[in-house]
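Q: Here you go, one structure.
Protein chains: 2
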Amino acid sequence: MIEDSLNSRTNLSELGEFGLIDLLTKNLDIKLSSTVKGIGDDAAVMDFQDKQILVTTDLLVEGVHFDLAYTPLKHLGYKAVMVNLSDVYAMNGVATQITVSIAVSNRFPVEALEELYAGIETASKIYNVDVVGGDTTSSTKGLLISITALGMASKEDVVYRSGAKPNDLLVVSGDLGAAYMGLQILEREKAVFKVNPNSQPDLDAYTYLIERQLKPEARKDIPPLLKKLEVKPTSMIDISDGLSSEVIHLCKNSGVGVNLYEDKIPLDPTVIAACEEFEVDSTTIALSGGEDYELLFTVSQEDFPKIKANPHLSIIGHMTEAGEGMHLITRGNTKIPLIAKGWNAMDKEN
Amino acid sequence: MIEDSLNSRTNLSELGEFGLIDLLTKNLDIKLSSTVKGIGDDAAVMDFQDKQILVTTDLLVEGVHFDLAYTPLKHLGYKAVMVNLSDVYAMNGVATQITVSIAVSNRFPVEALEELYAGIETASKIYNVDVVGGDTTSSTKGLLISITALGMASKEDVVYRSGAKPNDLLVVSGDLGAAYMGLQILEREKAVFKVNPNSQPDLDAYTYLIERQLKPEARKDIPPLLKKLEVKPTSMIDISDGLSSEVIHLCKNSGVGVNLYEDKIPLDPTVIAACEEFEVDSTTIALSGGEDYELLFTVSQEDFPKIKANPHLSIIGHMTEAGEGMHLITRGNTKIPLIAKGWNAMDKEN
Numbered sequence: 001m002i003e004d005s006l007n008s009r010t011n012l013s014e015l016g017e018f019g020l021i022d023l024l025t026k027n028l029d030i031k032l033s034s035t036v037k038g039i040g041d042d043a044a045v046m047d048f049q050d051k052q053i054l055v056t057t058d059l060l061v062e063g064v065h066f067d068l069a070y071t072p073l074k075h076l077g078y079k080a081v082m083v084n085l086s087d088v089y090a091m092n093g094v095a096t097q098i099t100v101s102i103a104v105s106n107r108f109p110v111e112a113l114e115e116l117y118a119g120i121e122t123a124s125k126i127y128n129v130d131v132v133g134g135d136t137t138s139s140t141k142g143l144l145i146s147i148t149a150l151g152m153a154s155k156e157d158v159v160y161r162s163g164a165k166p167n168d169l170l171v172v173s174g175d176l177g178a179a180y181m182g183l184q185i186l187e188r189e190k191a192v193f194k195v196n197p198n199s200q201p202d203l204d205a206y207t208y209l210i211e212r213q214l215k216p217e218a219r220k221d222i223p224p225l226l227k228k229l230e231v232k233p234t235s236m237i238d239i240s241d242g243l244s245s246e247v248i249h250l251c252k253n254s255g256v257g258v259n260l261y262e263d264k265i266p267l268d269p270t271v272i273a274a275c276e277e278f279e280v281d282s283t284t285i286a287l288s289g290g291e292d293y294e295l296l297f298t299v300s301q302e303d304f305p306k307i308k309a310n311p312h313l314s315i316i317g318h319m320t321e322a323g324e325g326m327h328l329i330t331r332g333n334t335k336i337p338l339i340a341k342g343w344n345a346m347d348k349e350n
Numbered sequence: 001m002i003e004d005s006l007n008s009r010t011n012l013s014e015l016g017e018f019g020l021i022d023l024l025t026k027n028l029d030i031k032l033s034s035t036v037k038g039i040g041d042d043a044a045v046m047d048f049q050d051k052q053i054l055v056t057t058d059l060l061v062e063g064v065h066f067d068l069a070y071t072p073l074k075h076l077g078y079k080a081v082m083v084n085l086s087d088v089y090a091m092n093g094v095a096t097q098i099t100v101s102i103a104v105s106n107r108f109p110v111e112a113l114e115e116l117y118a119g120i121e122t123a124s125k126i127y128n129v130d131v132v133g134g135d136t137t138s139s140t141k142g143l144l145i146s147i148t149a150l151g152m153a154s155k156e157d158v159v160y161r162s163g164a165k166p167n168d169l170l171v172v173s174g175d176l177g178a179a180y181m182g183l184q185i186l187e188r189e190k191a192v193f194k195v196n197p198n199s200q201p202d203l204d205a206y207t208y209l210i211e212r213q214l215k216p217e218a219r220k221d222i223p224p225l226l227k228k229l230e231v232k233p234t235s236m237i238d239i240s241d242g243l244s245s246e247v248i249h250l251c252k253n254s255g256v257g258v259n260l261y262e263d264k265i266p267l268d269p270t271v272i273a274a275c276e277e278f279e280v281d282s283t284t285i286a287l288s289g290g291e292d293y294e295l296l297f298t299v300s301q302e303d304f305p306k307i308k309a310n311p312h313l314s315i316i317g318h319m320t321e322a323g324e325g326m327h328l329i330t331r332g333n334t335k336i337p338l339i340a341k342g343w344n345a346m347d348k349e350n
């Protein structure tokens with residue numbers, strides 16, 4: 001068999017029929033009772049009893065969503081899973097299965113795909129999801145990963161984007177902007193490396209930022225935390241494009257307005273430091289940076305006591321009547337219209 | 001709004017936030033009661049009551065799986081759906097939902113994607129499936145389509161690849177080899193066109209072959225037909241890679257051998273004529289051509305009277321003890337080992 005080493009190079013064409021799939025999926029055990037049949041038939045078979053099924057899908061394209069100059073393939077595999085699971089958690093569900101399809105050009109040796117799958121496997125273990133299928137094909141250029149995630153939730157637990165009411169509190173998990181600043185660090189180091197390949201960058205100060213960019217964690221913990229706190233959000237979404245874009249989604253889907261308070265937006269100290277270094281406004285970064293994979297949700301005012309002291313959660317605003325519009329209340333107490341940034345018309349999930 | 005014409009060219013970047021998705025998905029209505037929430041949230045929500053869920057996924061890559069020189073985008077969209085639904089039917093299930101992800105380079109105008117989606121929409125209407133989500137992103141090169149199909153079946157109806165027993169009859173729907181010969185016709189015409197762009201090919205004689213290649217139909221009708229006939233297959237698979245490869249799958253997954261009779265393989269007269277014209281062996285084409293999207297299954301000997309006269313079904317062999325091996329019995333009554341052809345290690349679904 002092939003040596004488990006990045007120094008070895010096995011050409012993709014050297015593997016026989018189904019050899020590649022067998023090699024890549026050999027460590028993917030079935031863990032869940034809801035998985036009746038995983039890889040190896042025309043379709044996977046699942047049994048969710050009386051639960052509702054959640055399905056979401058994302059494409060990651062080399063040169064568009066990731067740059068292999070600074071993205072380890074293992075991290076890429078991990079992140080590709082996170083991006084999808086995050087959408088399941090944003091429905092207040094439990095992620096259960098994924099399918100993984102990859103299109104890859106001949107420039108990638110088998111060992112590179114093994115690294116990618118190692119990241120997928122790690123993510124599936126930590127997040128307790130089964131890999132139940134996929135498709136592996138050649139591409140004329142680069143690497144593309146298409147993952148579909150399935151999840152489940154009791155009908156009464158599912159949270160849509162559409163249930164926010166005026167006076168509901170707007171809440172976000174974790175902190176924002178770090179993934180975007182991590183990307184800025186990595187892009188800067190790539191530019192430095194191009195000029196001087198012998199430079200030895202000291203990135204210790206940026207560990208958190210880089211980790212948030214390369215190896216984000218989906219907030220699997222938030223749905224059970226909310227359950228434990230006896231809070232059911234009235235609406236929820238995950239933050240992939242940036243806070244402002246996602247807040248606007250909740251408002252438009254729910255038919256409400258919002259007052260978002262600049263001074264309440266949770267920022268890690270390293271984000272603030274990096275923003276100063278790069279001379280960018282940290283609020284802008286949090287609003288428009290994206291890729292945080294935190295959960296943004298609304299809860300009834302009554303639930304305020306249940307969440308106010310929770311270290312994972314920040315109350316950042318409140319919903320209003322739709323007619324009042326969507327606004328950011330700045331630190332200087334100025335009310336400015338919230339606009340969607342950080343989006344790209346050609347990278348939209350539906 | 002944009003004119004519904006292939007002559008108009010709207011650059012992908014001209015559409016605003018979510019404009020492209022809105023445009024492409026505006027005609028996709030929800031038809032099924034199992035679809036609780038389709039496009040428009042973090043994940044789609046389905047409710048299948050007590051049914052088991054089937055999930056399958058396929059990637060189609062420009063330059064690998066299709067050539068836009070002779071593949072109309074509308075047909076491509078239709079075929080991309082068929083390829084996936086076929087896998088659901090091969091589990092003896094009912095296809096219910098699909099997600100559609102596309103990666104596309106800037107060389108495609110919006111109108112091209114509208115054509116693609118028109119084919120997807122047509123397929124979803126005819127086959128009664130809901131499009132419940134997807135992802136649209138830019139690619140650095142070409143067009144890639146990733147579709148995931150969901151289906152459902154009662155637990156007792158699901159048919160795996162693994163249940164064939166010695167003496168079971170091997171049955172195939174429809175006829176074989178036409179899609180492959182259609183591809184040969186199209187490739188020939190493309191070559192002719194390169195030499196003489198003014199040539200006006202007369203393809204009337206090849207209509208069936210070309211249609212089987214460009215616009216295949218998945219065998220949605222077979223699971224209900226079998227139900228009506230009170231036949232439950234012991235194993236089943238769809239023919240995407242070629243008959244021999246799929247027969248071998250059934251044998252290996254079921255732990256049996258097979259005797260496949262050359263003279264029983266169903267061939268359309270136009271396939272036989274095209275094979276003569278191209279000077280290729282029609283049996284080889286049926287065994288190795290692929291893309292037929294017919295269903296191959298095994299049934300107990302007892303069910304012979306129920307299926308023998310059915311015009312949709314051909315009995316092409318019988319299963320044996322594994323130790324007897326996998327053989328083709330030729331017209332000359334010679335027994336030759338069945339080998340898998342038509343596969344490509346880099347295009348395997350798992």
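Residue numbers (full-length UniProt numbering), protein chains in the order written: chain S, 1 to 350; chain F, 1 to 350.
Backbone N, C-alpha and C fix where the C-beta goes; we use that ideal spot for every residue, glycine too.
1. Chain S beta carbons: is any one of them nearer than 8 angstroms to that of Asn42/F?
2. So if I threshold CB-CB distances at 8 angstroms, which residues from the segment 320–339 of chain S count as touching chain F?
3. Do Pro233/F and Asp175/F have their CB atoms nearer than 8 angstroms?
4. Given this structure, state the Cα-to-Cα distance separating Ser300/S from Ile329/S, to the nearest angstrom.
5. For Phe48/S, return the contacting residues in chain F, with the cut-off set at a CB-CB distance below 8 angstroms.
6. Given that Ser288/F touches chain S, what residues does it touch there, using C-beta distances under 8 angstroms?
7. Count the other CB atoms, across all protein chains shown, that sit within 10 Å of the CB of Val195/S; report buried if there are 16 or more and exposed otherwise.
8. Taking the continuous alpha helix (DSSP H) assigned at Met91/S, which residues delimit it?
9. Which residues of the segment 193–224 of chain S have a Cβ closer than 8 angstroms to any Cβ of chain F? Give them in chain order.
10. Quick one: Cα of Thr334/S to Cα of Gly290/S, how far?
11. Using a Cβ-Cβ cut-off of less than 9 angstroms, list which residues of the segment 60–75 of chain F approach chain S; keep chain order.
12. Taking 8 angstroms as the cut-off, decide whether the C-beta atoms of Phe193/S and Ser235/S are in contact.
13. Could you tell me which chain F residues have their CB closer than 9 angstroms to the CB of Thr140/S, listed as they occur along the chain?
14. So, for Ala340/S: in the same chain, excluding its five sequence neighbours on each side, which residues have a beta-carbon less than 7 angstroms away from its beta-carbon?
15. Taking DSSP's pairing of strands, which residues face Ser146/F in a bridge?
16. If I'm right that Thr137/S touches Val159/F with Cβ under 8 angstroms, what's the distance once you round it to whole angstroms?
17. Below 8 angstroms, can you find three or more Cβ-Cβ pairs linking the segment 64–79 of chain F to the segment 162–178 of chain F?
18. Using the three-state DSSP reduction, which class does His318/F fall into: helix, strand or coil?
19. I'd like the span of the beta strand (DSSP E) that includes His327/S, first residue to last.
20. Give the residues of chain F in contact with Tyr160/S, contact being defined as C-beta atoms less than 7 angstroms apart.
21. Going by DSSP, what residue range makes up the alpha helix (DSSP H) through Val159/F?
22. Cβ of Thr35/S within 8 angstroms of Cβ of Asp135/S?
23. For chain S, find out if any of its Cβ atoms is closer than 8 angstroms to the Cβ of Ile120/F; answer yes or no.
24. Please list, in chain order, all residues of the same chain as Glu217/S whose beta carbon is under 8 angstroms from its beta carbon, the five residues on each side excluded.
25. Using a threshold of 8 angstroms, state whether the C-beta atoms of Gly177/F and Val271/F are closer than that.
26. Could you tell me which whole alpha helix (DSSP H) segments of length 4 or greater appear in the segment 266–298 of chain S?
27. Any C-beta of chain F sitting closer than 8 angstroms to the C-beta of Asn11/S?
28. When the cut-off is 8 angstroms and only beta carbons count, does Gly255/S lie next to chain F?
29. Excluding sequence positions up to five away, which residues of its chain have a Cβ less than 7 angstroms from the Cβ of Lys306/F?
30. Does the segment 73–81 of chain F come close enough to the segment 139–158 of chain S to have 3 or more Cβ pairs within less than 8 angstroms?
31. Any idea what DSSP makes of Asn167/S, helix, strand or coil?
32. Using 10 angstroms around the beta-carbon of Arg331/S, count the other beta-carbons present and answer buried if the total reaches 16, otherwise exposed.
33. Could you tell me whether the Cβ of Met91/S comes closer than 8 angstroms to any Cβ of chain F?
34. Using only alpha-carbon positions, find the residue among Leu150/F, Tyr117/F and Tyr208/F that is nearest to Ala44/F.
35. For Ile237/S, return the contacting residues in chain F, with the cut-off set at a CB-CB distance below 7 angstroms.
36. So, do the segment 319–328 of chain S and the segment 248–262 of chain S have three or more beta carbon pairs nearer to each other than 8 angstroms?
A: The answer reads as follows:
1. In the sequence as presented, Asn is not what sits at residue 42/F; that position holds Asp. Output row for Asp42/F: interface = yes.
2. For the segment 320–339 of chain S, no residue has a beta-carbon sitting nearer than 8 angstroms to a beta-carbon of chain F.
3. The answer is no: Cβ separation not under 8 angstroms.
4. 21 angstroms
5. Phe48 and Ile53
6. Result: empty, since nearest Cβ-Cβ is about 13 angstroms, beyond 8 angstroms.
7. exposed
8. Premise fails: Met91/S is in no alpha helix (DSSP H) and is neither H nor E.
9. none
10. 24 angstroms
11. Leu60, Val61, Glu62, Gly63, Val64 and His65
12. No, these two residues do not count as a Cβ contact at 8 angstroms.
13. Val61, Glu62, Gly63, Val64, Lys141 and Gly142
14. Within the same chain, Ala340/S has close Cβ partners Ser244, Ser245 and Ile248.
15. Residue pairing from DSSP places Ser146/F in a beta bridge opposite Leu59/F and Ser101/F.
16. Not a contact, Cβ separation roughly 26 angstroms.
17. no
18. strand
19. Met326 to Ile329
20. Lys37 and Asp41
21. Where Val159/F is concerned, there is no enclosing alpha helix (DSSP H), given that its DSSP letter is neither H nor E.
22. The answer is no: Cβ separation not under 8 angstroms.
23. no
24. Spatial neighbours of Glu217/S in its own chain (CB-CB distance under 8 angstroms, excluding positions within 5 residues in sequence) are listed in chain order as Met82 and Tyr293.
25. yes
26. 269–278 and 282–288
27. no
28. No - not a single Cβ of chain F is within 8 angstroms of the one on Gly255/S.
29. Leu229, Glu230 and Val231
30. no
31. coil
32. exposed
33. yes
34. Leu150/F
35. Asp42
36. Contact holds between the segment 319–328 of chain S and the segment 248–262 of chain S, because three or more Cβ pairs, one in each stretch, are under 8 angstroms apart.
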